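2 protein chains.
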Amino acid sequence: MNGLSGGAPGPAAAPPLAILCGAGAFPVAVAAEARRIGRDPFLIGVVGSTDAPIEAFAHVWLRLGEVGKLFATLKERGIGEIVMIGAMTRPEFADLRLDWGAVKRAADLAQLFRRGDNGLLLGLAAIFEREGVRIVGAHEVAPELAAPSGLLGARPIAQGDRSDIAFGARMLDSLSEFDAGQGAVVAAGRVLAIEAAEGTDAMLARVAELRATGRLRLKGPAGVLVKAPKRGQDLRLDMPAIGPRTMEGAAKAQLKGVALAAGRVLVIDRERCARLADAAGLFVSGFTT
Amino acid sequence: MNGLSGGAPGPAAAPPLAILCGAGAFPVAVAAEARRIGRDPFLIGVVGSTDAPIEAFAHVWLRLGEVGKLFATLKERGIGEIVMIGAMTRPEFADLRLDWGAVKRAADLAQLFRRGDNGLLLGLAAIFEREGVRIVGAHEVAPELAAPSGLLGARPIAQGDRSDIAFGARMLDSLSEFDAGQGAVVAAGRVLAIEAAEGTDAMLARVAELRATGRLRLKGPAGVLVKAPKRGQDLRLDMPAIGPRTMEGAAKAQLKGVALAAGRVLVIDRERCARLADAAGLFVSGFTT
Numbered sequence: 000m001n002g003l004s005g006g007a008p009g010p011a012a013a014p015p016l017a018i019l020c021g022a023g024a025f026p027v028a029v030a031a032e033a034r035r036i037g038r039d040p041f042l043i044g045v046v047g048s049t050d051a052p053i054e055a056f057a058h059v060w061l062r063l064g065e066v067g068k069l070f071a072t073l074k075e076r077g078i079g080e081i082v083m084i085g086a087m088t089r090p091e092f093a094d095l096r097l098d099w100g101a102v103k104r105a106a107d108l109a110q111l112f113r114r115g116d117n118g119l120l121l122g123l124a125a126i127f128e129r130e131g132v133r134i135v136g137a138h139e140v141a142p143e144l145a146a147p148s149g150l151l152g153a154r155p156i157a158q159g160d161r162s163d164i165a166f167g168a169r170m171l172d173s174l175s176e177f178d179a180g181q182g183a184v185v186a187a188g189r190v191l192a193i194e195a196a197e198g199t200d201a202m203l204a205r206v207a208e209l210r211a212t213g214r215l216r217l218k219g220p221a222g223v224l225v226k227a228p229k230r231g232q233d234l235r236l237d238m239p240a241i242g243p244r245t246m247e248g249a250a251k252a253q254l255k256g257v258a259l260a261a262g263r264v265l266v267i268d269r270e271r272c273a274r275l276a277d278a279a280g281l282f283v284s285g286f287t288t
Numbered sequence: 000m001n002g003l004s005g006g007a008p009g010p011a012a013a014p015p016l017a018i019l020c021g022a023g024a025f026p027v028a029v030a031a032e033a034r035r036i037g038r039d040p041f042l043i044g045v046v047g048s049t050d051a052p053i054e055a056f057a058h059v060w061l062r063l064g065e066v067g068k069l070f071a072t073l074k075e076r077g078i079g080e081i082v083m084i085g086a087m088t089r090p091e092f093a094d095l096r097l098d099w100g101a102v103k104r105a106a107d108l109a110q111l112f113r114r115g116d117n118g119l120l121l122g123l124a125a126i127f128e129r130e131g132v133r134i135v136g137a138h139e140v141a142p143e144l145a146a147p148s149g150l151l152g153a154r155p156i157a158q159g160d161r162s163d164i165a166f167g168a169r170m171l172d173s174l175s176e177f178d179a180g181q182g183a184v185v186a187a188g189r190v191l192a193i194e195a196a197e198g199t200d201a202m203l204a205r206v207a208e209l210r211a212t213g214r215l216r217l218k219g220p221a222g223v224l225v226k227a228p229k230r231g232q233d234l235r236l237d238m239p240a241i242g243p244r245t246m247e248g249a250a251k252a253q254l255k256g257v258a259l260a261a262g263r264v265l266v267i268d269r270e271r272c273a274r275l276a277d278a279a280g281l282f283v284s285g286f287t288t
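Chains as they are written, first to last, in numbering that gives the first Met the number 0: chain A, 0 to 288; chain B, 0 to 288.
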């Protein structure tokens, strides 16, 4: 704790922070950032979802369905805030091995699983709130994790790419109504790929493959990856994120660049992203709409 | 020719019909259907795109860019109608090896290649019309090739699937504005995949893979493939089509069924599609919105 002593309404000591870890390297990156700014991160690994090494931090492993154990652990440690980060495979309700704490809440839970992803997450958030645990966004804990407005790397944006960014952003916005579309690849007004359940990495790999096999014939660098959250999406629950792997994927797909909704997309390991982008000749930039 | 003799404005002899053959088996299926109903099909194979054996029919092979040769061939044979069918890899303008007939029209052609797919096709259609060749839809030549309203196979549609069909159709409709989205997979209100440049087969393979690798955890049959043309799409130029391979893909993705915009999606080899669907426990049905 790095609390300041004395003096009424002074800055409060940073409270401990739980991090519910989905797949990929993002949770550990957020934990490192939390530690750096003096929050005391406690990582919750989910068996079958978390695949990063969380052992470098205080942590616990849980199974999906161990809802009672989750809340007991948080209470025990006096944790009132949690960040959810990294992709979590959505289970079927029937597959959950419910502990007693989950069984008590089973009617609520079953109800949630009839909703879309966004609905499911909103419902989970309400359950957390009822238990006195506030869900916070990684960008709230560490604002420097969010994409800034403007360039992150050295490569500038060409004029034609700006219209692809605007076009992609408009399309993603219109997909929001259907709780779909956090990413798309647009090349000169043409939609090459739209992201749904497969995620950004798989979408980029698809574009790379379509080009490699000649099914998409494009000369040289072409296309922009546009990432933005769904309109009205609760960023605490599901915030789009990119990292070094995204840059590698964009380079393999021979894109011209990567455009991120400023303040609304997480950039994990910004320095390395910028370096990789520069090396591959990609622009990386936050945009505002 | 099966023309009737004598008698003023009687039914005209069925004129010969050219078929511009894209990839896959659809062009040959349409040619067989054209022959069955007494049109005299002349197939145009495109080097690098056409992959079906077109030698069973009168035919010619052309390279993309051999525009002059194309029109000369059509004129020579007195062909005033052409069907375009099967996926055509969109080339880069700079890759075209233009013959003299193409060079004469190069300014127009270059202009077209700055447009989206739909724009490109509309422009090509205008060029054909100017040459006195009318582009007709396969469904106009042979209406029985289009999806009917209602079931094609034995399997009925469950109530929940109906809302997925309506949801998917609405989403595809809203993507029309972006000249994207001829297909999507929706499972209980959740969008699993949206089709862009990869095509339907690749989209279905993706869903199958996401399920096989456990990234998508769904129990048993789940999801509906919804196919519809873009709003305002000129069906003569680019009509969504499904065939036996689509059924096999849907079966591998463990879907519940396949829903087609009635009258606006081609069904190639309807009998076999229905048999495959029945065998896999899939419904296949045309829907109206």
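A virtual CB, placed ideally from N, CA and C, is assigned to each residue, including glycine.
Here the structure is a predicted model, which means the values were calculated and not measured.
Checklist line | Proximal residues to Leu95 of chain A (C-beta, below 6 Å), its chain only, five neighbours per side dropped | finding: So the list reads Leu63 and Gly64, once near-sequence residues are dropped.
Item checked: Proximal residues of chain B, C-beta to C-beta of Met83 of chain A below 8 Å -> Near Met83 of chain A there are no residues of chain B at all, since even the closest Cβ is about 18 Å away, more than 8 Å.
Next item on the list: List the residues of chain B whose Cβ lies closer than 8 Å to the Cβ of Asp50 of chain A, in chain order.
Entry: Going along chain B, no residue has its Cβ under 8 Å from Asp50 of chain A, so there is no contact; the nearest lies around 12 Å.
Notebook entry, point to check: Expressed to the nearest angstrom, what Euclidean distance is found between the alpha-carbon atoms of His58 of chain A and Phe41 of chain A?
Noted result: 5 Å
Check: Once you ignore the five residues that flank Glu32 of chain B on each side, which residues in its own chain have a CB closer than 7 Å to its CB?
Finding: Closer than 7 Å at the Cβ level, and outside the excluded window around Glu32 of chain B, lie Ala141 and Leu144.
Note to self: Tell me which residues share the same chain as Arg104 of chain A and place their Cβ nearer than 7 Å to its Cβ, disregarding the 5 neighbours each side in the sequence.
What the structure shows: Val66 and Ile126
Margin query: With a threshold of 8 Å between beta carbons, is Lys255 of chain B in contact with chain A?
Written below: no
Notebook entry, point to check: Are the CB atoms of Leu203 of chain B and Gly248 of chain B nearer to each other than 8 Å?
Noted result: yes
Notebook entry, point to check: From what residue to what residue does the beta strand (DSSP E) around Phe41 of chain B run?
Noted result: Phe41 of chain B: member of the beta strand (DSSP E) spanning Pro40 to Val45, first to last residue.
Margin query: Only counting the same chain, and skipping five residues up and downstream in sequence, which positions put a Cβ closer than 6 Å to that of Leu191 of chain B?
Written below: Spatial neighbours of Leu191 of chain B in its own chain (CB-CB distance under 6 Å, excluding positions within 5 residues in sequence) are listed in chain order as Val184, Val206 and Gly222.
Check: When DSSP labels each residue in this structure, what does Ile365 of chain A get in the three-state scheme?
Finding: Past the boundaries of the shown model lies residue 365 of chain A; chain A is included only from 0 to 288, so the question cannot be answered.
Item checked: Short CB-CB distance (under 8 Å) between Ala260 of chain B and chain A -> no
Margin query: So Pro90 of chain B contacts chain A; which residues on that side make the cut at Cβ distance below 8 Å?
Written below: Arg216
Margin query: I'd like to know whether the C-beta atoms of Pro90 of chain A and Arg216 of chain B end up nearer to each other than 8 Å.
Written below: yes
Notebook entry, point to check: Are any of the Cβ atoms in chain B nearer than 8 Å to that of Leu3 of chain A?
Noted result: Unreliable placement is indicated for Leu3 of chain A, whose pLDDT of 42 sits below 50; no coordinate value is reported for it.
Checklist line | Neighbourhood of Asp233 of chain B by C-beta distance below 8 Å, restricted to the same chain and skipping five residues each side | finding: Asn117, Leu120, Leu121 and Ala124
Next item on the list: Answer yes or no: does any C-beta atom of chain A fall closer than 8 Å to that of Gly21 of chain B?
Entry: no
Notebook entry, point to check: Going by DSSP, which residues form a beta bridge with Trp60 of chain B?
Noted result: B:Gly44
Next item on the list: Kindly identify the DSSP beta-bridge partner or partners of Cys20 of chain A.
Entry: BP columns for Cys20 of chain A point to A:Gly44 and A:Ile84.
Next item on the list: Take Gly79 of chain A and list the residues in its own chain whose beta-carbon comes closer than 7 Å to its own, dropping the five residues that flank it on each side.
Entry: Pro14, Gly131, Val132 and Arg133
Check: Is any heavy atom in the ligand MN found nearer than 7 Å to the beta carbon of Asp268 of chain B?
Finding: Looking at this structure, you won't find the ligand MN or any other ligand, since it has none at all.
Next item on the list: Taking only beta-carbon positions, decide if Met291 of chain B is within less than 8 Å of chain A.
Entry: Residue coverage of chain B in this structure runs from 0 to 288, which leaves residue 291 of chain B outside it and unanswerable.
Notebook entry, point to check: Arg189 of chain B CB to nearest chain A CB: under 8 Å?
Noted result: yes
Next item on the list: Starting from the Cα of Gly21 of chain B, find the closest Cα among B:Met87, B:Glu54 and B:Gly47 and give me that residue.
Entry: B:Met87
Notebook entry, point to check: Listed from N- to C-terminal order along the chain, which residues in the region 88-118 of chain A have their beta-carbon within a distance smaller than 8 Å of any beta-carbon of chain B?
Noted result: Flagged, chain order: Thr88, Arg89, Pro90, Glu91, Ala93, Asp94, Arg113, Arg114, Gly115 and Asp116.
Check: Residues of chain A with CB under 8 Å from Phe177 of chain B, in chain order?
Finding: Phe166, Arg169, Met170, Ser173 and Val190
Note to self: Under 7 Å, CB to CB, which of the residues in the region 195-212 of chain A have a partner in chain B?
What the structure shows: Ala195, Ala196, Glu197, Arg205 and Leu209
Check: Based on Cα-Cα distance, which residue from A:Gly219, A:Ala186 and A:Ser175 lies nearest to Gln158 of chain A?
Finding: A:Ala186
Next item on the list: Please name the residue, chosen from B:Ile18, B:Arg76 and B:Lys74, that lies closest to Ala51 of chain B on a Cα-to-Cα basis.
Entry: B:Ile18
Checklist line | Distance, Leu224 of chain B Cα to Asp200 of chain B Cα | finding: Between Asp200 of chain B and Leu224 of chain B, the C-alpha separation is close to 11 Å.
Next item on the list: Give the single residue among B:Ile156, B:Ala153 and B:Gly182 whose Cα lies nearest to the Cα of Gly167 of chain B.
Entry: B:Gly182
Notebook entry, point to check: Among B:Gly44, B:Arg274 and B:Val257, which residue has its Cα nearest to the Cα of Asp160 of chain B?
Noted result: B:Val257
Notebook entry, point to check: Can you list the residues of chain B that Ile267 of chain A reaches, using a CB-CB cut of under 9 Å?
Noted result: What Ile267 of chain A touches in chain B: nothing, since even the nearest Cβ is about 20 Å away.
Next item on the list: Give the DSSP-derived three-state secondary structure of Phe112 of chain B in the structure shown.
Entry: coil
Check: Buried or exposed: which applies to Ser48 of chain A, given that a residue is buried once 16 or more other Cβ atoms fall within 10 Å of its Cβ?
Finding: buried
Check: Any C-beta of chain B sitting closer than 8 Å to the C-beta of Ile193 of chain A?
Finding: yes
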